[in-house]
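What follows is a single structure, written as C-alpha cells, with notes after it.
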C-alpha cells in the first residue's frame, strides 16, 4: 500500500526524479557506448586503483537523466547517495555521462577536492573527454578521462590492498530495490508520455535497464561497494 502511494506521489510531481541504485561495478555503461572488453578493462583498472590508493573512482553512463534538476545538483545527490569513497577520507569521485543531452559531469568527494579541483576537472572534461567524444571515440575519451583522474589523485592516500567490496563481500543491489526502481521509472515514463522516445538496449525500452550487465560488477575482488564517502558539489562538467 505504502509503495503504491509513494509511486503515485512520485509520478504526480512535475519534477519527478529517480536516483538509481548504487552500481555493483566501478565502470557502468548503461547506454552501451563502449565494448564489453573495454568496459572490463577500465573496471579492472579502477578496482586495482582502490586497492593501491583507497580512492574510489566510479564511471556511470546513462542514456538520459531522470530528473528535472540541473546536472550539477542531480549528480551530487546521486554520488552522495551511493557513498563513493571511504567514510573517513571522503576520497571518492564519479564521472557521469548522459547520452541524450551530451552532458559530462565529474563529482568530487570532499577528500579529493585538493587533488581534483574544479579547474582541473573542467580541463579533463574539455581537453581529454569531449574532443574524443565528438569524433565518436567514446572508449578513448573515457580512458583519457579516467586515467587523468587517477593520475591527479594517486598520491593522496595509501591503499590497503583491498577494496570495500572485497572486505565486505560483493555488493549486489537488492532484487526488491531493483524491482521498485524499475516500477518507478516505468511509471514516470508513462506519465511523461515518452515511451517511444527512450533509449533501448538489446530489446528493452525502459530507461537505464540493460540486459548487458548494467548492475553486474566487473573486477575481481568483490565488485564496487561504497565506503560512505561524502560530496558537496566539487567538480565540473560540460558537453560534447
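Numbering (the working numbering), first residue to last: 95 to 334.
Where a beta carbon is used, it is the ideal one built from N, C-alpha and C, also for glycine.
Closer than 6 angstroms by C-beta to residue i: which residues in its own chain qualify, once you throw out the five before and the five after it? Chain order, please.
i	result
residue 199	165, 169, 190, 331
residue 201	169, 170, 173, 188, 325, 329
residue 235	223, 226, 227
residue 128	232, 233
residue 69	Residue 69 is absent from the model: the chain starts at 95 and stops at 334.
Could you tell me which residues DSSP pairs with residue i in its beta bridges?
i	result
residue 330	200
residue 231	None, per the DSSP bridge assignment.
Please report how far the alpha carbon of residue i lies from the alpha carbon of residue j, in whole angstroms.
i	j	result
residue 179	residue 112	22 angstroms
residue 122	residue 205	23 angstroms
residue 225	residue 334	7 angstroms
residue 249	residue 243	12 angstroms
residue 260	residue 177	16 angstroms
residue 149	residue 175	17 angstroms
residue 230	residue 124	17 angstroms
residue 216	residue 196	15 angstroms
residue 218	residue 193	18 angstroms
Going by CA-CA distance only, name the one from the options that's closest to residue i.
i	options	result
residue 116	154, 137, 147, 125	154
residue 254	130, 141, 125	141
residue 126	139, 138, 157	157
residue 251	183, 215, 317	183
Within its chain, find whatever has a CB closer than 7 angstroms to the CB of residue i; leave out the 5 residues flanking it on each side and keep chain order.
i	result
residue 256	145
Taking a contact to mean a Cβ-Cβ separation below 9 angstroms, would you say residue i touches residue j in this structure?
i	j	result
residue 186	residue 152	yes
residue 160	residue 119	no
residue 209	residue 247	yes
residue 317	residue 181	no
residue 138	residue 237	no
Who are the Cβ neighbours of residue i in its own chain at under 8 angstroms, not counting the five residues just before and after it?
i	result
residue 220	332
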